[in-house]
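The next block holds one structure in the form of structure tokens; read it before the comments.
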Amino acid sequence: MANNMLRSTDLNVIRPYLKDASNLSGGYAHEVVFPEDENEVARVLNDACCTRTPVTVAGNGTGLVGARVPFGGIVLSTERLGGLRQIHRASGDFGSVVTGPAITLKALQAAVSGKGLFYPPDPTEQNAFLGASVATNASGARSFKYGSTRMWVRRLRVVLATGDVLDLRRGEGVADKEGRIFLKGLQNVFEVTLPHYRMPAGKHSAGYYSIPGMSALDLFIGSEGTLGVLTEIELGLIPKPQALFSGIVFFEQEEDAWQFADQAKKDSVKNRASPSTGQIDARALEYFDVHALDILRSVYTHIPVKAQASVFFEQEMTAGLEKEVVDQWYQLCQSGRALVDQSWFSQSALEHKEYRAFRHAVPVLVNRILREHYQMKISTDFTVPDERFFVLLKLYRQSLNESGLRYCIFGHIADNHLHVNLLPQNDQEAETGWRLYRTIVNKIITWGGTISAEHGVGKIKREYLLDMFGQTGLREMAAIKRKLDPCLILGRGNIIPEEILLNEGYARPFKAC
Ligand SMILES: Cc1cc2nc3c(=O)[nH]c(=O)nc-3n(C[C@H](O)[C@H](O)[C@H](O)COP(=O)(O)OP(=O)(O)OC[C@H]3O[C@@H](n4cnc5c(N)ncnc54)[C@H](O)[C@@H]3O)c2cc1C
1 MANNMLRSTD
11 LNVIRPYLKD
21 ASNLSGGYAH
31 EVVFPEDENE
41 VARVLNDACC
51 TRTPVTVAGN
61 GTGLVGARVP
71 FGGIVLSTER
81 LGGLRQIHRA
91 SGDFGSVVTG
101 PAITLKALQA
111 AVSGKGLFYP
121 PDPTEQNAFL
131 GASVATNASG
141 ARSFKYGSTR
151 MWVRRLRVVL
161 ATGDVLDLRR
171 GEGVADKEGR
181 IFLKGLQNVF
191 EVTLPHYRMP
201 AGKHSAGYYS
211 IPGMSALDLF
221 IGSEGTLGVL
231 TEIELGLIPK
241 PQALFSGIVF
251 FEQEEDAWQF
261 ADQAKKDSVK
271 NRASPSTGQI
281 DARALEYFDV
291 HALDILRSVY
301 THIPVKAQAS
311 VFFEQEMTAG
321 LEKEVVDQWY
331 QLCQSGRALV
341 DQSWFSQSAL
351 EHKEYRAFRH
361 AVPVLVNRIL
371 REHYQMKIST
381 DFTVPDERFF
391 VLLKLYRQSL
401 NESGLRYCIF
411 GHIADNHLHV
421 NLLPQNDQEA
431 ETGWRLYRTI
441 VNKIITWGGT
451 ISAEHGVGKI
461 KREYLLDMFG
471 QTGLREMAAI
481 KRKLDPCLIL
491 GRGNIIPEEI
501 LLNEGYARPF
511 KAC
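Under this note's numbering, the first residue of the sequence shown carries the number 1, and numbering increases by one thereafter.
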């Protein structure tokens, strides 16, 4: 081990790494290490593997499922593993960027924007590290148009628990007909067989990715620090949009807001094929129910008094077509029974930025309220197929009102992906909240949806993943983990319950020790 690598057993240094934005409590670790390059990561993991010391990989701590909260062992902080390495501008104004894992999404966007390029995924929390964004397959408002992080990852360098290094390009190491993938490390070749479960059709980030013909790197995207440490990432980029038009549209009736979003979604999907026509083509549609608006009212006092629901929309515009785009949205608002005169439409880049801040403020304010009550967030991250979405909305409304709990609903309505945030005031309410959560999970699974569309499973949602993929699915995931992490040290407690992971014991003695 390099002597000069920063590491600490001081509890004051370790403490910040014992939590994330989920408020999951009880985390502990005896050391935090700060490797500065791939070799140091390999040495830390190799040592830990030999001593079977659990290693929890830490990004920037904004995760919502306790995935970076350690329960024993050491924390490997990625914060010194570096950020931006190279931006490449290709023909047609497209490009790519190579970075270390420790760049925040905000810094990444600013850097590529300076070169006229754009990274489309848009997780709301811009302080998240890119490495973690890949490790959780994060997505956000713009995934309606541009998909999740996975779609943009072209290459990954990964250090495995044995210290072996993989350099994986999209299109290489493709799964064969039997679902086998051969991963060529710098020292060894690893063979894994993909799980046989069927992944939900929509947005999904729960458990290991498994689809026919997928590339080897897809296995690591969304693996929540359980299969390896991501040390370098290459992303595809598109040209920076010329201009944007956005608005926050208010409604007196919540069902009018649902219908408005549904129409905007249908129009956008239809018009996407011919983007230069000045038609409606939203890249984001975000919903706020009356309770989310009430929470926002504490900061945004000018929200219309009559508003019972709202939809934020955002569209890219080509120069010369601004008037057409604005007219189209105005007509849609009129026909959708919006409070048009009281709604907000961006006139400048600054206003556009303010609307995005308005959207981001909801989870931030919710988290603040929860911290005041020392409660963990109970947040749904479900999606369901189109035909079930309005049924789900009605189920949410009815069951939440009956529960008597404080709650709000907001988020990615175009992806059938709304977050219900329950705000329990005490432990008893939290218990009621989790019971309700369980009832809704059962429906989601029956309807072919997912238990996690973007936040991942971490430690908080494991039991629901078991419901979704069953013992067989979980054992298949455990078999992959055992192949790539024979000492079972990485991301312990994430995704796969300990009893399933440890059931068959450690894979084999680790030769290099
Ligand atoms: C207000 C708020 C809004 C949010 N909005 C969104 C949203 O819109 N969309 C969304 O998807 N998420 C959202 N999140 C959740 C969170 O921002 C994401 O999950 C994010 O990807 C976590 O990044 P992080 O750097 O904070 O990672 P951490 O919380 O530190 O870690 C997350 C996971 O990534 C693993 N990890 C970190 N770095 C690496 C690495 N280099 N190699 C391997 N594994 C690694 C960790 O082990 C852990 O399992 C939100 C969170 C908050 C607080």
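Idealized CB from N, CA, C, for every residue including glycine.
Proximal residues to residue i (C-beta, below 6 Å), its chain only, five neighbours per side dropped
{"i": "Asn421", "result": "Val366, Ser379 and Cys408"}
{"i": "Met468", "result": "Ile445 and Ile451"}
{"i": "Gly39", "result": "The sequence as given places Asn at residue 39; Gly does not occur at that position. Cβ neighbours of Asn39 beyond the five flanking positions: none."}
{"i": "Lys483", "result": "Phe190 and Val192"}
{"i": "Glu286", "result": "Ala141, Phe312 and Arg359"}
{"i": "Asp93", "result": "Pro239"}
{"i": "Arg169", "result": "Arg155"}
{"i": "Arg150", "result": "Asn137 and Ile221"}
{"i": "Val249", "result": "Val311, Cys333, Ala338 and Ser343"}
{"i": "Asn46", "result": "Gly163"}
{"i": "Gly278", "result": "Leu321, Glu324 and Val325"}
Beta-carbon proximity check, residue i vs residue j, cutoff 7 Å
{"i": "Thr99", "j": "Arg85", "result": "yes"}
{"i": "Glu316", "j": "Leu244", "result": "yes"}
{"i": "Leu105", "j": "Ala135", "result": "no"}
{"i": "Leu237", "j": "Val112", "result": "yes"}
{"i": "Pro54", "j": "Gly73", "result": "yes"}
{"i": "Gly26", "j": "Lys459", "result": "no"}
{"i": "Leu448", "j": "Leu405", "result": "The amino acid occupying residue 448 in the given sequence is Gly; Leu does not appear at that position. It is not a contact, given that the beta carbons lie outside the stated cut-off."}
{"i": "Thr318", "j": "Gln242", "result": "yes"}
{"i": "Gly456", "j": "Phe71", "result": "no"}
{"i": "Leu293", "j": "Ala307", "result": "yes"}
{"i": "Gly131", "j": "Gly491", "result": "no"}
{"i": "Ala257", "j": "Gly213", "result": "no"}
{"i": "Ser246", "j": "His352", "result": "yes"}
{"i": "Leu76", "j": "Val44", "result": "yes"}
{"i": "Ser139", "j": "Ser133", "result": "no"}
{"i": "Gly114", "j": "Val158", "result": "no"}
{"i": "Pro195", "j": "Glu498", "result": "no"}
{"i": "Glu125", "j": "Ala102", "result": "no"}
{"i": "His373", "j": "Gln331", "result": "no"}
{"i": "Arg68", "j": "Asp20", "result": "yes"}
{"i": "Leu465", "j": "Ala206", "result": "yes"}
{"i": "Phe251", "j": "Ala309", "result": "yes"}
Beta-carbon separation (whole angstroms), residue i vs residue j, contact threshold 8 Å
{"i": "Ala453", "j": "Lys203", "result": "4 Å"}
{"i": "Asp423", "j": "Leu502", "result": "Residue 423 is actually Leu in this sequence, not Asp. In fact, because the Cβ distance is near 36 Å, the residues do not count as touching under 8 Å."}
{"i": "Tyr146", "j": "Pro123", "result": "With a Cβ gap of about 12 Å, Tyr146 and Pro123 do not count as contacting."}
{"i": "Ile489", "j": "Ala161", "result": "5 Å"}
{"i": "Ile181", "j": "Met199", "result": "Contact flag wrong, Cβ pair sits at about 16 Å."}
{"i": "Met376", "j": "Asn23", "result": "4 Å"}
{"i": "Val384", "j": "Leu392", "result": "5 Å"}
{"i": "His412", "j": "Ser143", "result": "7 Å"}
{"i": "Gly173", "j": "Ser215", "result": "6 Å"}
{"i": "Ala414", "j": "Lys265", "result": "5 Å"}
{"i": "Tyr17", "j": "Val33", "result": "About 10 Å; that fails the 8 Å criterion."}
Residues bridged to residue i (per DSSP)
{"i": "Gly185", "result": "Leu166"}
{"i": "His196", "result": "Bridge partners of His196: none, in fact."}
{"i": "Glu499", "result": "DSSP output for Glu499 lists no bridge partner at all."}
{"i": "Ser310", "result": "Phe250 and Phe288"}
{"i": "Phe469", "result": "Bridge partners of Phe469: none, in fact."}
{"i": "Gln86", "result": "Val98"}
{"i": "Leu156", "result": "Leu168 and Ile233"}
{"i": "Glu316", "result": "Leu244"}
{"i": "Ser77", "result": "Ala58"}
Beta-carbon proximity list for residue i, same chain, < 7 Å, skipping 5 on both sides
{"i": "Glu429", "result": "Leu405"}
{"i": "Tyr208", "result": "Pro195, Leu219, Ser223, Met477 and Ile480"}
{"i": "Asp381", "result": "His419, Ser452, Ala453, Glu454 and His455"}
Proximal residues to residue i (C-beta, below 8 Å), its chain only, five neighbours per side dropped
{"i": "Asp386", "result": "Asn416"}
{"i": "Leu296", "result": "Phe288, Ile303, Phe358, Ala361, Val362 and Leu365"}
{"i": "Gly171", "result": "Ser215"}
{"i": "Ile280", "result": "Ala264, Asp267, Ser268, Asn271, Gln315, Val325, Gln328, Trp329 and Leu332"}
Chain D within 7 Å of residue i, Cβ atoms only
{"i": "Asp262", "result": "No chain D is present in this structure, which holds just one protein chain."}
message = For a minimum of 4 consecutive residues, which ranges assigned as the alpha helix (DSSP H) are wholly contained in the stretch 339 to 390?
response = 349 to 372
key: Sequence ranges, beta strand (DSSP E) only - wholly within the stretch 396 to 465, length at least 3   = 407 to 412 and 417 to 422
inquiry  = In chain order, what are the residue ranges of uninterrupted beta strand (DSSP E) at least 3 long that sit wholly in the stretch 219 to 274?
reply    = 229 to 239 and 243 to 251
ask   = What are the uninterrupted segments assigned as beta strand (DSSP E) that are 3 or more residues long and contained completely in the stretch 10 to 65, given in chain order?
value = Taking only runs of at least 3 residues, the beta strand (DSSP E) segments lying wholly in the stretch 10 to 65 are 31 to 34 and 55 to 58.
key: Length-filtered (3 minimum) beta strand (DSSP E) runs lying within the stretch 88 to 121   = The stretch 88 to 121 is shown to contain whole beta strand (DSSP E) runs of 3 or more residues at 95 to 99, in chain order.
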